[in-house]
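The structure appears right after this line, and notes come after that.
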Amino acid sequence: MIDPVDYHCLEPNELDRFLLRRRAQPQAPSDTDLTENLVEILRKANEFVPSAAGSVLLDNPTIKNFQRQKNDLYFIAAFGHNSERLLGRAISGHHGIAGHVYVSGCSYYSADVTDDRHFYSEVDKITAYSTESLVAIPIRIEKEVCGVLELINRDSPAGYGRRDLDLLEIFASYISVSIQNVLDARQAQEIAQLDNLTGLFNDRYLHIGLSQIIERCRAQDADVAALFMDLDHFKNVNDTHGHLAGSQVLREVGHEISRLIQQPDALAARYGGDEFVLIMPGMNTERAIQLAQDLRRRIAGHTFLDKPGDIHPEPLFLRHLTCSIGIATLHQHVPPDVDGAEARSLLLRRADEAMYIAKDDGRDRLQVAPTASPSRRQVPGRTFAD
């Protein structure tokens, strides 16, 4: 028998923001997908407790408040009349039966919502539907309430009862396990992509991610900027203060890069030693120069080891550490006819070469890589320093 009910869920890329729980790098790509799980869970819940409509709502972990009534709940999966209109919409944590269940952490059912003080009728206006009865169960991840599973209008004259609550709690736990499995899989995947010292991507993932970015940007006729950064005289830090101090400095540099780079699809990686690479999709040469200047000044103005660190236990107050940065862009420094692997290699190589020019010119500066003119003559790059 074919199920006549249509089930809807947010697209994986839209659903992703509700899964940013315990993730080291939110922008890290993942092959794990929760969409099919949520649809199947709603379908099974409806089989056990036949209802005209239902939905799964989750809070947004990136803006979650400790006081749950101050949070919003977002419809991420639903079925029933015009339920597709609900996807991505939010209701306040202090509205409706769903909000009551979310804030209290307790299951709840209403055989007749007409006189129920918790009922919130505004959602019916979105779906042009009339709710008569409702049952809702909290969804938890590691004992923390993160959402609600609800069903509407029981397909039975008796309406919802205590037994329905018991049945639905099984499915709420399935949702919790499904989300937890996705989080665990993503965390394991991300750990393999990360540099354990700085929290940035490692050099292995840099090449994978850069290839994907170049392919995507070429399809959109968008530019890509590569910034190759090296700390100046970093060996002196290790020689003077020891390798633990050096490792703490590198960790703090990684943190400074993470604070500066807010573009969601950017890729920041530790290339090895005291070298770092930033890949900025959609960024041309002039904007890359501005970003590189901001980064160079940020490093030069930062006081490193100004408090006890988790690697080096004593503050040293290291100042005036500088860096040299090389810049290359896809449109300016990579011929359009080279394939993806060669484009990736050439873009990194040109940025690396520019960084060494900056080193040779006196350090604490940035250098745009030279380019070849149509006549194949070399056009000098540009150097910037205070």
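Position 230, counted from 1, in the sequence shown is what my numbering calls 1017; the numbers after and before it change by one each time, with no gaps.
All C-beta atoms, glycine included, are put in the ideal place defined by N, C-alpha and C.
- Excluding five sequence positions before and after residue 1133, the CB atoms of its chain that fall closer than 6 Å to its own CB belong to 1121, given in chain order.
- The beta-carbon distance between residue 862 and residue 840, rounded to whole angstroms, is 11 Å. This is too long to meet the 8 Å contact definition.
- Sequence-distant Cβ neighbours of residue 1118 in its own chain, meaning closer than 6 Å and more than five residues away, are 1010.
- Setting aside the 5 residues that flank it on each side, residue 1025 is surrounded in the same chain by 1033, each with a C-beta closer than 6 Å to its C-beta; the list follows chain order.
- Proximity to residue 1106 across 1115, 1086, 832 peaks at 1086, based on C-alpha coordinates.
- The Cβ atoms of residue 1078 and residue 1014 sit closer than 9 Å to each other.
- DSSP places residue 1109 outside any beta strand (DSSP E), giving it a letter other than H or E.
- Sequence-distant Cβ neighbours of residue 1045 in its own chain, meaning closer than 8 Å and more than five residues away, are 986, 987, 1055.
- Partner residues in the beta bridge of residue 838, as assigned by DSSP, are 941.
- In this structure, residue 917 and residue 899 do not form a Cβ contact; the two beta carbons are roughly 12 Å apart against a cut-off of 8 Å.
- In this structure, the beta-carbon distance from residue 989 to residue 980 falls below 9 Å.
- Residue environment analysis places residue 887 among the buried positions, since at least 16 neighbouring C-beta atoms fall within 10 angstroms of its C-beta.
- In the three-state reduction of the DSSP assignment, residue 795 falls in the strand class, which pools E and B.
- When C-beta atoms of the region 938-946 are compared with those of the region 827-839, three or more pairs fall below 8 Å, so the two segments count as touching.
- Residue burial is scored here from C-beta neighbours: residue 1021 has at least 16 other C-beta atoms within 10 angstroms and is therefore classed as buried.
- Here residue 861 carries a strand assignment [DSSP, helix/strand/coil].
- The beta carbon of residue 804 lies closer than 7 Å to those of 847, 849 in the same chain, with the five residues before and after it left out.
- It is roughly 17 Å from the alpha-carbon of residue 955 to the alpha-carbon of residue 945.
- About 18 Å separates the beta carbon of residue 892 from that of residue 907, a gap too long to meet the 8 Å contact definition.
- Around the beta carbon of residue 953, fewer than 16 other beta carbons sit within 10 angstroms, so the residue counts as exposed.
- In the three-state DSSP reduction, residue 846 falls in the strand class (E or B).
- Counting only the Cα atoms, residue 1093 lies some 44 Å from residue 875.
- Residue 1125 sits exposed, since fewer than 16 C-beta atoms from the chains shown fall within 10 Å of its C-beta.
- Shown here, residue 1131 sits in a helix according to DSSP, grouped into three states.
- A direct Cα-to-Cα measurement between residue 798 and residue 822 gives close to 7 Å.
- The shortest C-alpha to C-alpha distance from residue 950 to any of 832, 1088, 1042, 964 is the one to 832.
- By the neighbour-count criterion, in which 16 or more other beta carbons inside 10 Å mark a residue as buried, residue 858 falls on the buried side.
- Just so you know, the alpha carbons of residue 1002 and residue 896 end up roughly 51 Å apart.
- For residue 1000, the enclosing alpha helix (DSSP H) stretches over residues 990-1006.
- Residue 1039 counts as buried, since no fewer than 16 other beta carbons sit within 10 angstroms of its beta carbon.
- Spanning the alpha carbons of residue 1065 and residue 1084 requires a straight line of approximately 16 Å.
- Residue 1067 carries a strand assignment under DSSP once its states are collapsed to helix, strand and coil.
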